[in-house]
Structures are given as structure tokens and as C-alpha cells.
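Structure record follows, encoded as C-alpha cells.
Numbering (our numbering), first residue to last: 39 to 644.
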């Protein structure tokens with residue numbers, strides 16, 4: 039009965055998380071790999087996409103899309119990805135729920151941990167969130183790795199090895215920390231393991247990872263073992279997130295505050311086997327971060343850069359959220375935190391603001407600090423964390439590094455501070471109406487949150503339209519925007535293998551058109567794994583779009599017909615897609631409210 043109850047509870051939390059954050063189809067790496075899978079399954083289309091199709095299967099370290107391709111023969115691509123996304127999100131929520139309950143032995147703490155992590159928390163400047171709104175390999179690999187870790191806590195080493203190896207094959211970049219944790223556990227716990235079980239676990243772990251490792255070794259281009267100056271410069275411009283010298287205060291704040299939250303909450307934990315394994319995870323994450331810094335900032339190593347080790351910070355944030363949830367429960371019973379927890383959760387559910395987690399840390403510790411000082415006690419850990427949180431909030435708002443922080447941090451922090459002062463005054467003088475005053479304060483903060491949050495206002499104005507736009511259900515009729523409509527027209531009205539010049543600020547022309555653009559910004563992601571692709575992509579992006587990306591749209595709008603004809607002649611493009619008020623004298627083939635498609639005249643190729 040308990041198993042069914044937990045399954046129903048985590049399924050409900052999964053649905054809530056998807057409703058809160060939304061679901062997207064055709065974004066991120068899907069823009070590269072879905073066309074590649076379609077091109078693999080069907081011989082039509084993409085014949086001119088030599089930049090993408092000739093390298094995509096050899097540059098990206100994953101077998102995920104190979105495994106997924108057969109499913110596309112039975113279901114449509116959007117439906118397949120949505121069903122797999124929902125399954126992976128349920129596995130993720132259930133893993134967080136189970137891990138939190140293993141550490142604290144309480145279902146309420148587990149629910150709070152899931153709610154804290156249901157909203158995306160940015161992992162530094164890695165462009166990675168703790169909660170994805172689309173399906174990519176890491177969306178599946180992370181839950182598998184977490185369940186492997188849970189199997190490790192149960193001392194089921196062989197099952198843990200199988201799950202970890204499978205997660206590694208799907209997305210090694212996200213799973214490497216768990217491989218190291220698994221390996222260190224097999225070494226450290228060898229005295230308590232039977233020889234047969236230990237050897238079997240090693241064979242399953244290493245043997246499961248070998249196919250991907252051998253494949254990557256065989257197909258690796260010789261020039262990619264060492265970074266040329268040109269390749270390194272392209273990587274710094276195209277993917278600056280692995281270089282910490284490019285990070286701002288806004289990028290550092292999630293890791294900094296989350297790490298301190300874990301340090302504050304951990305001393306109150308009772309020693310246990312689970313706690314010991316969590317400490318091992320934190321040590322591994324810290325070690326990977328040091329290696330990443332050394333091998334990107336001091337001695338550049340392409341292989342380490344490609345592993346993007348700083349992504350491991352997402353596990354520190356996950357663990358911090360779980361520990362902080364348990365810490366909140368302790369404060370709930372010890373300090374009467376119910377009203378403040380209601381404030382934090384309300385803001386979490388309706389404001390959809392990533393910095394809420396850090397604000398919640400500050401509020402809880404501010405309450406505890408006041409309670410301890412009223413008893414003549416000091417608690418320096420709470421003071422230190424409060425100070426850091428306040429500094430982060432001021433940096434966010436004062437330096438404008440985050441528009442959301444600039445518009446929301448100060449008002450929300452001020453509202454929480456006013457509530458605390460008011461509560462303290464009422465507690466000292468008027469014991470009776472304290473609850474009414476706190477309820478009024480919660481309502482006031484709710485109004486402030488609703489008024490400040492643009493997403494909430496958009497949903498309030500048109501709930502059904504906003505929900506459809508965010509969820510994008512793949513079943514039934516869906517709204518087609520002008521960019522998708524242009525692609526669908528190209529698919530039906532142009533011959534297979536046609537090549538297009540497209541607006542630079544847009545990605546994913548291949549997704550619905552089954553036709554290739556000369557180059558897109560997203561194509562440069564493959565340059566992280568191949569110097570040849572990076573150099574070719576850079577040459578094309580300079581010829582067609584210009585750089586940086588923020589200015590490429592304006593550059594494309596000002597290109598003359600002779601410049602467009604030169605690009606078409608260089609790459610053999612037969613069509614040009616333009617946006618907005620940019621009429622050409624060439625023959626117009628198709629127009630909608632936003633885009634127009636022109637045929638490149640034959641004279642341009644002479």
C-alpha cells in the first residue's frame with residue numbers, strides 16, 4: 039500500500055511540476071538531433087546539410103538518439119518525446135522524493151524538496167537547470183543516475199552499476215560524478231562485500247561504459263586532441279559557460295548559496311550510511327570543479343572541456359535543496375515556522391522565480407537567528423549565510439545582471455523584512471491577533487508577487503492561451519506560428535535537398551521543413567567536439583550572419599541583394615528567408631505575416 043501511495047504522490051508532484059514550468063518541443067539539442075534521426079530514417083531531405091549531417095553522429099557523445107530512433111517508426115516524434123519526458127520527470131521526482139525520505143525519514147520533507155526542485159534552479163553559468171522543460175539525453179540520464187545512487191545506498195551494487203553505466207551511455211557529461219561515486223564506493227566498501235559481488239559490479243560498470251568509450255576513441259579526429267588557438271577562441275565565443283572567468287555574480291550565486299545552505303543544515307544530521315554517501319558525492323563534485331577550473335583556465339584540455347565538468351554543480355544544488363527541506367522541518371517544530379514556510383511555498387508556486395530558494399534560506403535563518411538571540415545564544419553559521427544571501431540579493435538588484443533580480447529581489451526581500459518586523463512587534467505586545475496579522479502579511483506578499491511577476495500576469499489575463507503556449511501538448515490541434523508555417527511550406531513546396539539562407543536569430547529550420555539552412559547558430563554546438571566543424575561553422579556564420587549573435591539580426595537585415603547572392607553562390611543555396619520589412623526584387627514564393635521566401639535568381643550563380 040505504501041508503494042502505491044508514494045507512486046500516486048510522486049505522479050501528482052510530477053504533473054504539478056510540468057504545469058508550473060511548462061513543456062517545450064523542438065528546442066535545445068532537439069533542433070540538431072531530431073532532423074538527424076529523421077534523415078536517418080528517411081532518405082529525403084537534408085542532402086545539402088553537410089555541416090551537420092556528416093558530423094552529428096560522430097561528435098556528440100551519446101547513444102540516446104540511436105536508441106530512440108526505432109520508436110519514431112511507431113509513434114509520431116512529438117508524442118514519443120512527450121511520453122518519454124513525462125516518464126523521465128516522474129523518475130526524477132520519485133528519485134528526489136525517495137532520497138529525501140531516506141535521509142530524513144519523513145514524507146513531508148520529501149514533498150518540500152520536490153517542490154523546491156520543481157522550479158528550475160540555474161547551475162552557475164552552465165546554461166543547465168535542475169529541471170528541464172524539454173527532453174534531451176540528460177533529462178533521462180540524471181534520473182537513472184539518481185536511482186543508481188539509491189541502489190548504492192541499499193548496497194545493491196550490481197543494480198547500481200547497471201543503472202550508472204546505462205546513464206553514462208545516454209549522457210556521460212551529466213553522469214560522470216555518479217561513475218566516480220560508484221567506483222569510490224566499490225573501493226571503500228570492499229571489505230563488506232563478497233568478492234563475487236564486487237567483481238561483478240566492476241565488470242557491469244566498466245563493461246557497460248566501454249562501448250561508448252571505444253566508439254568515441256575510434257571516431258575521434260586526430261586534430262581534436264590538442265586545441266589550436268583558433269579553435270580555442272571560437273569555443274570561448276560560442277560556449278563561454280565552461281570558462282569561469284566569464285561568470286558574473288549572478289552566475290556564482292546559486293552554487294555559493296546552495297553550498298552554504300548544505301553546510302548550515304548538515305551538522306544537525308545524524309550520522310548514517312546515506313549521509314556518508316552524500317558526503318562522498320559532495321567531495322566528488324568539488325574535485326570535478328577543481329579539475330574543470332584547471333583544465334579550462336590554466337591548461338586547456340579539449341577532452342575535459344567537452345565533459346563540461348562544472349555541470350556537476352547541479353547535484354550540489356539538488357542535495358542542498360533536500361537538506362534545506364529537512365532543516366525547514368526542524369525549524370517548523372522548534373521555532374514555529376509555519377507562517378514563514380507558507381510564504382516561501384506560496385512564492386514558489388506562483389512567482390516561479392529561481393532566486394526564491396535563496397530567499398527562502400535567508401528567511402528561515404533570519405527567523406532562527408532572531409529566536410536564538412532572544413535566548414542569549416549565537417549562531418554564526420546562520421549569520422554568515424544571511425550575510426552572503428543579502429550580498430547576492432544586492433548584487434543581483436544593484437548591478438542589473440539579472441532583470442528578474444532587479445525587479446523582484448528588493449521588493450520581495452523588503453516585504454519579508456516588513457513582515458518579520460511586524461510579527462515581532464505584535465508578538466511582544468499583542469499575543470492574540472498575531473495570526474491575523476501574519477495572514478494579512480502573507481496576503482500582501484501574495485499581491486506583491488502577483489503584481490511583479492509578468493508570467494503570472496500573462497496567465498491571469500488568458501489562462502487557457504498561456505497554458506497552451508507553455509505546455510504545448512503534442513496531442514490534438516496545436517497552434518502553428520509563422521516560423522513553423524514557413525518550414526511546413528518548404529517541406530511541401532520545395533524539392534528534397536534544397537538549401538536555404540535563413541534569419542540568424544532563429545534556430546530549428548530543419549525541424550519541420552526537412553530542408554537544410556546554410557548555417558544556424560545552434561550548429562556551433564557540435565564545434566565543441568570537433569575542431570573541423572567549429573572552423574567551418576565559424577566561417578559560415580561570419581559569411582551569412584556576422585558576430586556577435588546579438589547584432590547578427592541587424593546585420594542580416596542590412597545585407598544587400600548582391601551580398602545575399604554572393605552567399606547563395608558560395609554555398610549553393612536556392613532560397614532566402616527574410617523577416618519583416620525587407621523586400622527583395624527577386625521572385626517571391628511565399629509570405630505570411632512575419633516571413634517571406636524568395637528564390638535566388640539564376641543570374642546569381644554566374
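Every residue gets a Cβ at the ideal spot worked out from N, C-alpha and C, and that includes glycine.
Beta-carbon proximity list for residue 225, same chain, < 6 Å, skipping 5 on both sides: For residue 225, where only same-chain residues beyond five positions count, there are no Cβ hits under 6 Å.
With C-beta atoms as the reference, is residue 102 less than 9 Å away from residue 208? The beta carbons of residue 102 and residue 208 sit closer together than 9 Å.
Go to residue 617, then tell me how far its beta strand (DSSP E) extends in each direction, as first and last residue. Residue 617 -> beta strand (DSSP E) spans 613-617.
Can you tell me whether residue 539 is helix, strand or coil according to DSSP? Here residue 539 sits in strand by DSSP.
Indicate whether residue 110 and residue 100 have their beta-carbon atoms separated by less than 9 Å. For residue 110 and residue 100, no; Cβs fall outside 9 Å.
Using the C-alpha atoms, what's the distance from residue 148 back to residue 220? Going by the C-alpha atoms only, they are around 24 Å apart.
Closer than 8 Å: residue 63 CB and nearest the ligand SAM heavy atom: Looking at this structure, you won't find the ligand SAM or any other ligand, since it has none at all.
Burial state of residue 610, where buried means 16 or more other Cβ atoms lie within 10 Å: Exposed, since its Cβ has fewer than 16 Cβ neighbours within 10 Å.
Given 8 Å as the limit, is there contact between the region 237-248 and the region 188-202, that is, 3 or more CB pairs closer than that? They touch, by the three-pair rule.
If we call anything under 9 Å between Cβ atoms a contact, is residue 135 one with residue 367? No, these two residues do not count as a Cβ contact at 9 Å.
Best match in 640, 313, 131, 523 for proximity to residue 50 [C-alpha to C-alpha]: It is 131.
Going by CA-CA distance only, name the one from 339, 604, 228, 319 that's closest to residue 351. With respect to the C-alpha of residue 351, the residue from 339, 604, 228, 319 having the closest C-alpha is 319.
Where are the alpha helix (DSSP H) runs, 4 residues long or more, that stay fully inside the region 121-174, in chain order? List check, alpha helix (DSSP H) in window: 145-156.
Could you give the distance in angstroms between the alpha-carbon of residue 584 and the alpha-carbon of residue 185? For residue 584 and residue 185, the distance between alpha carbons rounds to 45 Å.
Considering only their Cβ atoms, is the gap separating residue 296 from residue 355 smaller than 9 Å? Yes, they are a contact pair.
Is the CB-CB distance between residue 359 and residue 154 below 9 Å? Their beta carbons are under 9 Å apart, which means residue 359 touches residue 154 by this criterion.
Using three-state DSSP, classify residue 329 as helix, strand or coil. Correct three-state label for residue 329: helix.
Could you give the first and the last residue of the continuous alpha helix (DSSP H) run that contains residue 270? Where residue 270 is concerned, the enclosing alpha helix (DSSP H) stretches over 267-276.
Could you tell me the alpha carbon to alpha carbon distance between residue 217 and residue 203, rounded to whole angstroms? Between residue 217 and residue 203, the C-alpha separation is close to 8 Å.
Decide if residue 168 is buried, meaning its Cβ has at least 16 other Cβ atoms within 10 Å, or exposed. With 16 or more Cβ atoms within 10 Å of its Cβ, residue 168 is classed as buried.
Taking the C-alpha atoms as reference points, what is the distance between residue 183 and residue 643? When rounded, the distance between both Cα atoms is 53 Å.
With 16 other CB atoms within 10 Å as the buried threshold, where does residue 42 fall? A residue is called buried when at least 16 other Cβ atoms come within 10 angstroms of its Cβ; residue 42 does not meet this threshold and is exposed.
Boundaries (first-last residue) of the beta strand (DSSP E) holding residue 629: Taken as a continuous stretch (DSSP letters only), the beta strand (DSSP E) holding residue 629 covers 626-629.
Rounded to a whole number of angstroms, what is the C-alpha to C-alpha distance between residue 343 and residue 77? Separation of residue 343 and residue 77 (C-alpha to C-alpha, rounded to the nearest whole angstrom) is 29 Å.
Let me check understanding here. Comparing Cα to Cα, which of 276, 164, 205, 240 lies closest to residue 285? Looking at the Cα atoms, 164 is the closest of the given residues.
From residue 52 to residue 212, what distance separates their C-alpha atoms? Their Cα atoms are separated by approximately 21 Å.
Compute the Euclidean distance between the alpha carbons of residue 536 and residue 40, then round it to the nearest angstrom. Rounded to the nearest whole angstrom, the CA to CA distance from residue 536 to residue 40 is 57 Å.
Is the beta carbon of residue 544 closer than 9 Å to that of residue 521? Taking C-beta atoms as the reference points, residue 521 and residue 544 count as a pair closer than 9 Å.
DSSP bridge partner residues for residue 635 (one or two, in chain order): According to DSSP, residue 635 bridges with 615, 628.
Backbone CA spacing between residue 75 and residue 68 [nearest angstrom]: Approximately 10 Å between the Cα atoms of the pair.
Less than 8 Å between the CB atoms is what I'm expecting for residue 555 and residue 538, so what's the real figure, rounded? About 5 Å separates the two Cβ atoms, so the contact holds.
Beta-carbon separation of residue 639 and residue 594 under 9 Å? No, the pair does not count as a contact, with Cβ atoms beyond the cut-off.
How many Å lie between residue 104 and residue 229 at the Cα? Between the C-alpha atoms of residue 104 and residue 229 there is a straight-line separation of about 39 Å.
For residue 255, which of 341, 599, 121 has the nearest alpha-carbon? Cα-wise, what sits closest to residue 255 is 341.
Beta-carbon separation (whole angstroms), residue 264 vs residue 335, contact threshold 8 Å: That belief does not hold up - the Cβ atoms of residue 264 and residue 335 are roughly 17 Å apart, past 8 Å.
Span of the alpha helix (DSSP H) holding residue 68? Element bounds for residue 68: 68-79.
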